[in-house]
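This report concerns only the one structure given below.
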Amino acid sequence: MKEIILLKLGEMVLKGLNRSTFEHVLLKNIKRRMARIGKFEIRSAQSTVYIIPQDDMIDMDEAVEAVGKIFGVITFSRACECEKNMDSILKTAAEYLAPQLEMIQTFKVESKRADKSFPLKSPQISAELGGYLLEKFPHLRVDVHHPDLEITVEIRDFAAYVRGGVIPGAGGIPVGTGGRAAILISGGIDSPVAAWSIAKRGVELTAVHFASPPYTSERAEQKVVDLLTRVSEYAGRMMMFTVPFTHIQEEIREKCPEDLFTLIMRRFMMRIAERIAKREDCAALVTGESLGQVASQTIQAIACTDAAASMPVFRPLIGMDKAEIVALARKIDTFDISIQPYEDCCTVFTPKHPRTRPDPAMIEEAEAALDADALIEECMANLKLTKIGWGSRRS
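Take the sequence shown: its position 329, counting from 1, is numbered 329 in the numbering used here, and each next residue is one higher.
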């Protein structure tokens with residue numbers, strides 16, 4: 001039996017004249033992901049992508065796991081290819097689906113006859129296959145409303161395909177169709193989820209991480225690498241720039257009012273991230289902020305932070321509460337890494353009573369005590385580059 005994977009396209013089918021561009025990027029992303037697992041033939045026809053293994057030794061479970069993390073796919077399924085005749089379809093369905101059929105009580109059959117030259121119509125195909133399976137598996141019964149398993153037969157130009165249940169895909173649109181952005185990434189729960197969320201809208205990511213040794217450790221930086229590696233299973237390969245931020249934080253602590261420390265720090269982060277973003281051909285910044293979650297995330301504080309950057313700042317999590325963010329972190333498998341006890345620079349020199357309704361003029365006056373240009377140039381001259389996803393089979 002020849003097992004393949006069938007992918008159904010998501011919202012890109014609504015893209016009109018631009019649809020071919022989205023499909024081209026999706027196919028390129030699929031080929032890149034699958035190449036790390038084995039050799040596959042990948043082709044597209046009639047709003048379906050076919051992933052066909054070219055080696056009997058390929059781990060199809062690993063292939064299915066990878067497919068489930070490709071943005072642009074709404075659903076997918078494992079299927080068995082067979083000849084376009086009823087004898088072959090009946091035999092293939094009984095053999096290929098036997099492990100599932102033996103574990104259930106009810107089923108139904110749906111047929112899709114894309115090749116209209118096939119002699120039987122869809123209801124006839126379903127009836128004949130359903131009757132055959134009832135004979136082969138006497139414990140089964142048909143339930144057309146709430147079956148334990150829905151079996152689908154597709155008659156297409158190339159062959160017939162028999163498949164069991166449908167698996168939800170990652171959704172969204174293909175990474176690479178939504179432009180490029182720089183994500184400010186910490187070791188917390190929120191920013192990896194923000195990275196995943198914006199990548200789901202087709203955005204290619206460059207990561208910017210701020211480190212403050214000796215106040216933060218190498219383990220804290222490795223934690224961020226591990227988080228981005230998980231995100232890259234969805235978002236693809238990315239560059240991570242680590243910014244040495246200690247000197248700036250020490251200067252702010254010594255020369256600026258304590259209640260403004262976090263806001264001034266975040267404004268410097270915006271300026272530096274924007275410098276990196278422009279150099280890397282990114283058109284926006286992305287953060288993991290959620291409105292009202294902490295003192296620096298009030299409307300007034302966010303406005304002061306944004307004023308330090310000239311490019312758009314996207315906040316995919318802005319309207320989410322912590323429970324929703326945690327649920328997504330668990331879904332994309334970053335939560336357990338995020339809660340590891342290695343602190344990032346945002347926890348360094350945290351003020352006891354941070355200002356929640358800052359006056360922009362007050363912020364600018366406080367920043368005047370700092371040589372901002374020199375501090376930023378110092379950071380830019382000492383960036384550390386880490387490539388995320390290049391060496392991993394799961395990138």
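For every residue, glycine included, the Cβ atom is placed at its ideal position computed from N, Cα and C.
Source: prediction; values computed, not measured.
- Item | Per DSSP, the bridge partner or partners of residue 209 | 242
- Query: First and last residue of the beta strand (DSSP E) that includes residue 182?
  - Reply: 180-184
- Query: Among 46, 21, 52, 251, which residue has its Cα nearest to the Cα of residue 34?
  - Reply: 52
- Where does residue 392 fall in DSSP's three states? Residue confidence for residue 392 is low, a pLDDT of 46 falling below 50, so the modelled location carries little weight; the figure read from the coordinates is stated next. Coil at residue 392, not helix or strand.
- Quick one: any contact between the segment 223-232 and the segment 308-324, if contact means 3 or more CB pairs under 8 Å? no
- Task: In angstroms with no decimal places, state the Cα-to-Cα distance between residue 113 and residue 188.
- Result: 50 Å
- In three-state terms, what does DSSP make of residue 123? helix
- Message: Could you check whether the Cβ of residue 94 sits closer than 7 Å to any heavy atom belonging to the ligand PLP?
- Response: With respect to the ligand PLP, the structure shown offers nothing to examine, as it has no ligands at all.
- Task: With DSSP as the reference, label residue 377 as helix, strand or coil.
- Result: helix
- Task: Spell out a yes or no on whether the segment 124-143 and the segment 86-97 are touching, meaning 3 or more CB-CB pairs, one atom from each, closer than 8 Å.
- Result: yes
- Return the CA-CA distance between residue 396 and residue 75, expressed in angstroms with no decimal places. Because the chain here runs from 1 to 395, residue 396 falls outside it and cannot be looked at.
- Report the option in 355, 179, 327 whose CA atom is closest to the CA atom of residue 284. 179
- Of the residues 358, 84, 295, which one's Cα is nearest the Cα of residue 111? 84
- Item | At least 3 beta-carbon pairs within less than 8 Å: the segment 197-210 vs the segment 268-283 | yes
- Task: Give me the Cα-Cα distance between residue 148 and residue 383, rounded to the nearest whole angstrom.
- Result: 55 Å
- Message: Using CA atoms only, rank isn't needed, just tell me which of 20, 214, 230 is closest to residue 245.
- Response: 214
- Buried or exposed: which applies to residue 25, given that a residue is buried once 16 or more other Cβ atoms fall within 10 Å of its Cβ? buried
- Message: Here's a check: name, in chain order, each residue in its chain whose Cβ is nearer than 8 Å to the Cβ of residue 393, leaving out the five neighbours to either side.
- Response: Note that residue 393 scores a pLDDT of 42, beneath 50, so its modelled location is shaky and nothing firm can be said.
- Item | Which of helix, strand or coil DSSP assigns to residue 45 | strand
- What span of residues does the alpha helix (DSSP H) with residue 331 cover, start to end? 322-331
- Item | CB contact flag (residue 277, residue 381, <8 Å) | no
- Query: For residue 358, which three-state DSSP category applies?
  - Reply: coil
- Query: Residue ranges of each alpha helix (DSSP H) run of no fewer than 4 residues wholly in the segment 9-44, ordered along the chain?
  - Reply: 19-35
- Taking 8 Å as the threshold, find out whether the segment 168-175 comes into contact with the segment 189-202 through three or more Cβ pairs. yes
- In whole angstroms, what separates the C-alpha of residue 43 from that of residue 376? 48 Å
- Task: Please check the pair residue 232 and residue 389, which I expect to be a contact at CB under 8 Å, by giving their CB distance rounded to whole angstroms.
- Result: 4 Å
- Query: What are the partner residues of residue 234, as DSSP defines its beta bridges?
  - Reply: Answer is none; residue 234 lacks a bridge partner.
- Message: Give me, in chain order, the residues of the same chain whose beta-carbon lies closer than 6 Å to that of residue 251; leave out the 5 immediate sequence neighbours on both sides.
- Response: 370
- Taking the runs of the alpha helix (DSSP H) that are 4 residues or longer, which of them lie wholly in the segment 57-138? 60-67, 86-96, 98-101, 122-136
- Task: Locate the beta strand (DSSP E) running through residue 163, then write down its first and last residues.
- Result: 160-163
- Task: Could you tell me which of 39, 387, 89 sits nearest to residue 239, measuring between CA atoms?
- Result: 387
- Item | Distance, residue 31 Cα to residue 58 Cα | 15 Å
- Message: Distance check for residue 70 and residue 29, CA to CA, integer angstroms please.
- Response: 8 Å
- Query: Rounded to whole angstroms, how far is the Cβ of residue 292 from the Cβ of residue 169, which I believe are closer than 8 Å?
  - Reply: Residue 292 to residue 169, Cβ: 33 Å. No contact.
- Do residue 260 and residue 301 have their C-beta atoms closer together than 8 Å? no
- Task: Pull up the distance between the alpha-carbon of residue 234 and that of residue 67, whole angstroms please.
- Result: 10 Å
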